[in-house]
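Student: For reference, the structure I am asking about is given below.
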Amino acid sequence: MCKIPDYIEVGVHRMNDFLPIAVEIKTLAPETKKKIPFGLGGAYDFYETEIMGKPFLLAGVDGDEWNLATTVITKQRDILEQETGIETIFIFNKLESYNFQRYAKKGLNMVVGVKQLFLPSIFLVASKSKVSIQPKEDKPPVFFQLLTLYHLGKENLDGLTTREIAKKMNTSYATVNRGIRWMTENGFLRLSEGKEKKIEFVLKGKKLWEKAMPYLTTPIDFIVYTPEIGIAENSYLSELNALAEYTLINGGPYRVAISKEEYKVLKQQDIYWDPFGECGIEVWKYDPALLAKNGVIDKLSLYLMLKDYDDERVQIELDNMMNEIEW
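In terms of numbering that gives the first Met the number 0, the sequence shown opens at residue 0 and continues consecutively.
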């Protein structure tokens, strides 16, 4: 009998920490092995187990790099379960936190080393490192997202006061103060001593991005359509056309992003709004101009907009774009 890889044993032992009856790893039965498609046979280490009388297929991935698009891995899961008739549990040696969040949203059964597991099929969610699957109930203000993305993608804001930030963001003092208070209470910021308190982000670069991810959402508030292309002066290339500026993918339908103030200006003009119009105008929750570069929306907002886009090519190029960011 071949030796079971260490990372598979670690993953199963992690499950056993939370199960009333310990499960065992079994080599793949010949009849099950025959049902696994040829293209997936070499992609994973396959084993079987039984949890509370229910069979599960274990699909393991060793190594430190694993960045498969959500649409791809969910399709692989569906194929495996359709062909074998057994629900699948993925065991990863290592997985980035943002991918764990993405996979969890798609209901993927998975275990990541000794750190995390998410097994909705047996109503089990646990994490040694206390990683939240869902955001906290207290909804963050929109300014939290703007400030975080600005700090990560545009300019380091450490050392600035509330008034300095308000001026830089062209935002009211009250809005900034409310956002900073929420971020301090939730462990994103710390404030200096003294009368004029200065902010400092607790985490840096990619670690900040990963901590913020459960709270971040699409920047789009709503979309209006018109056949009149190019009517918004202060607009920025968005969606697939923006992705085409950052990657090798082809562009898509005409889409631009504007602020709510710009939308108010447009509404006062004699424009024909048509839900079937070829030009989509995204009205954002925050001003895209604060983050945009060279007439194109920023990469991080673009990622948040497209991360659940149901197209494998888009997901691949989106991941390529994120991998090129120098945090």
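Glycine included, each C-beta is placed from N, C-alpha and C at the ideal position.
Return the chain-ordered ranges of every beta strand (DSSP E) run that is complete within the region 30-104 and spans a minimum of 3 residues.
Tutor: Here the runs fully enclosed are 44-50, 53-60, 86-91.
Student: Measure the alpha-carbon distance for Ile132 versus Glu238 and round it to whole angstroms.
Tutor: For this step, residue 132 is matched to residue 133 along the sequence shown. For this step, residue 238 is matched to residue 239 along the sequence shown. The pLDDT assigned to Ile132 is 42, lower than 50, so where the model puts this residue is not dependable; a value taken from the coordinates is nonetheless given after this. Answer to the nearest angstrom: the Cα atoms are 27 Å apart.
Student: Could you tell me which residues DSSP pairs with Met109 in its beta bridges?
Tutor: One-based indexing of the sequence shown puts residue 109 at position 110. For Met109, which the question treats as bridged, DSSP gives the partners Phe89, Phe117.
Student: Smallest Cα separation from Ser258: which of Lys284, Phe143, Leu94, Leu146?
Tutor: The count along the sequence shown starts at 1 and reaches residue 258 at position 259. With distances taken between Cα atoms, Ser258 lies closest to Lys284.
Student: Which class does Glu244 belong to by DSSP, given the choice of helix, strand or coil?
Tutor: Taking the first residue of the sequence shown as position 1, residue 244 is located at position 245. In the structure shown, Glu244 adopts helical secondary structure according to DSSP, grouped into three states.
Student: Quick one: what does DSSP say Asp318 is sitting in, helix, strand or coil?
Tutor: The sequence position of residue 318 within the sequence shown is 319, counting from 1. Residue state, collapsed to three classes: helix.
Student: Using 8 Å for Cβ pairs, my map puts Glu47 next to Leu39. What's the rounded Cβ distance?
Tutor: If you number the sequence shown from 1, residue 47 lands on position 48. If you number the sequence shown from 1, residue 39 lands on position 40. In fact, because the Cβ distance is near 15 Å, the residues do not count as touching under 8 Å.
Student: Taking the CB atoms as reference points, tell me whether Tyr97 and Glu209 lie closer together than 7 Å.
Tutor: Your numbering for residue 97 matches position 98 in the sequence shown. Your numbering for residue 209 matches position 210 in the sequence shown. Contact: yes.
Student: Whose CA, out of Lys306, Leu94, Thr217, lies closest to the CA of Gln144?
Tutor: Along the sequence shown, read from residue 1 onward, the residue named residue 144 stands at position 145. The candidate whose alpha carbon is nearest that of Gln144 is Thr217.
Student: Count the other CB atoms, across all protein chains shown, that sit within 10 Å of the CB of Arg76; report buried if there are 16 or more and exposed otherwise.
Tutor: Taking the first residue of the sequence shown as 1, we reach residue 76 at position 77. Buried, since its Cβ has 16 or more Cβ neighbours within 10 Å.
Student: Measure the Cβ-Cβ separation of Lys197 and Thr160 and say whether it is below 7 Å.
Tutor: Taking the sequence shown and counting its residues from 1, the one referred to as residue 197 is at position 198. Taking the sequence shown and counting its residues from 1, the one referred to as residue 160 is at position 161. Yes; because the gap between Cβ atoms is below 7 Å, this pair is in contact.
Student: When DSSP labels each residue in this structure, what does Lys284 get in the three-state scheme?
Tutor: Residue mapping note: residue 284 aligns to position 285 of the sequence shown, counting from 1. Of the three classes helix, strand and coil, the one that applies to Lys284 here is coil, per DSSP.
Student: With DSSP collapsed to three states, give me the class of Ala211.
Tutor: Locating residue 211 in the sequence shown gives position 212, counting from the first residue. It is helical.
Student: Flag Ile248 as yes if its beta-carbon sits less than 7 Å from any beta-carbon of chain D, otherwise no.
Tutor: Among the chains in the structure shown there is no chain D, since it carries only a single protein chain.
Student: Going straight from the alpha carbon of Lys153 to that of Glu23, what length do you get?
Tutor: By one-based count along the sequence shown, residue 153 stands at place 154. By one-based count along the sequence shown, residue 23 stands at place 24. Distance between the alpha carbons of Lys153 and Glu23: 50 Å.
Student: Do you know how far the Cα of Pro29 is from the Cα of Lys135?
Tutor: Locating residue 135 in the sequence shown gives position 136, where the first residue counts as 1. Locating residue 29 in the sequence shown gives position 30, where the first residue counts as 1. A caution first: Lys135 carries a pLDDT of 44, below 50, which makes its placement in the model too unreliable to give a value.
Student: Note down the Cα distance separating Asp307 from Lys292, rounded to an integer number of angstroms.
Tutor: By one-based count along the sequence shown, residue 307 stands at place 308. By one-based count along the sequence shown, residue 292 stands at place 293. So the two alpha carbons sit approximately 24 Å from each other.
Student: Tyr224 by DSSP, collapsed to three states: which one?
Tutor: The residue given as residue 224 occupies position 225 in the sequence shown. Of the three classes helix, strand and coil, the one that applies to Tyr224 here is strand, per DSSP.
Student: Are the beta-carbon atoms of Pro213 and Arg177 separated by less than 7 Å?
Tutor: Here the question's residue 213 lines up with position 214 in the sequence shown. Here the question's residue 177 lines up with position 178 in the sequence shown. Not closer than 7 Å, so no.
Student: Look at Arg180 and Leu116 and say whether their C-beta atoms are less than 7 Å apart.
Tutor: As a working note, residue 180 is residue 181 in the sequence shown. As a working note, residue 116 is residue 117 in the sequence shown. Between Arg180 and Leu116, the C-beta spacing is not below 7 Å.
Student: Can we say the region 234-252 touches the region 183-198, given the rule of at least three CB pairs closer than 8 Å?
Tutor: no
Student: First and last residue of the alpha helix (DSSP H) that includes Phe143?
Tutor: Mapped onto the sequence shown, residue 143 falls at position 144. Here the alpha helix (DSSP H) through Phe143 covers 141-152.
Student: Quick check on the DSSP output: what are the complete beta strand (DSSP E) runs of length 3 or more inside the region 254-282, in order along the chain?
Tutor: 254-257
Student: Just tell me which of Ser234, Asp157, Tyr6, Ile3 has its CA closest to the CA of Ser191.
Tutor: Along the sequence shown, read from residue 1 onward, the residue named residue 191 stands at position 192. Closest option to Ser191, Cα to Cα, is Asp157.
Student: Would you report the Cα separation of Ala173 and Leu146, rounded to the nearest angstrom?
Tutor: Here residue 173 is taken as the residue at index 174 of the sequence shown, counted from 1. Here residue 146 is taken as the residue at index 147 of the sequence shown, counted from 1. The straight-line gap from Cα to Cα measures roughly 14 Å.
Student: For Asn92 and Gly10, what's the separation of their Cα atoms in angstroms?
Tutor: For this step, residue 92 is matched to residue 93 along the sequence shown. For this step, residue 10 is matched to residue 11 along the sequence shown. Roughly 8 Å separates the two Cα atoms.
Student: Within 10 angstroms of its Cβ, does Met304 collect 16 or more other Cβ (buried), or is it exposed?
Tutor: For the purposes of this step, residue 304 is identified with residue 305 of the sequence shown, where counting begins at 1. Buried: at least 16 other Cβ atoms inside 10 Å.
Student: Just checking my contact of Val255 with Ala288 at CB under 8 Å: how many whole Å lie between their CB atoms?
Tutor: Within the sequence shown, residue 255 is the residue found at index 256, counting from 1. Within the sequence shown, residue 288 is the residue found at index 289, counting from 1. Rounded, the Cβ-Cβ distance is 12 Å, inconsistent with contact.
Student: Leaving aside the five residues before and after Ile296 along the sequence, list all residues of the same chain whose C-beta is less than 6 Å from its C-beta, in chain order.
Tutor: As a first step, residue 296 must be located in the sequence shown, where it is residue number 297. Result list for Ile296: Tyr235, Ser237, Ala241, Ala256, Pro287, in chain order.
Student: Please determine, among Ile72, Thr73, Glu86, the residue with the shortest C-alpha to C-alpha distance to Gly52.
Tutor: Residue mapping note: residue 52 aligns to position 53 of the sequence shown, counting from 1. It is Glu86.
Student: Contact defined as beta carbons within less than 8 Å: I believe Ile280 pairs with Thr225. What is the distance between those atoms, to the nearest angstrom?
Tutor: On the sequence shown, residue 280 is found 281 positions in, with the first residue counted as 1. On the sequence shown, residue 225 is found 226 positions in, with the first residue counted as 1. Contact between Ile280 and Thr225 is confirmed by a C-beta separation of about 7 Å, below the 8 Å threshold.
Student: Could you tell me the alpha carbon to alpha carbon distance between Lys104 and Gly193, rounded to whole angstroms?
Tutor: Position 105 of the sequence shown, counted from the start, is the residue given in the question as residue 104. Position 194 of the sequence shown, counted from the start, is the residue given in the question as residue 193. Going from the Cα of Lys104 to the Cα of Gly193 covers about 43 Å.
Student: When we look at the beta-carbon of Gly59 and count the other beta-carbons within 10 Å, is it buried (16 or more) or exposed?
Tutor: Within the sequence shown, the letter at position 60 stands for residue 59. Buried, because 16 or more other Cβ atoms sit within 10 Å of the Cβ of Gly59.
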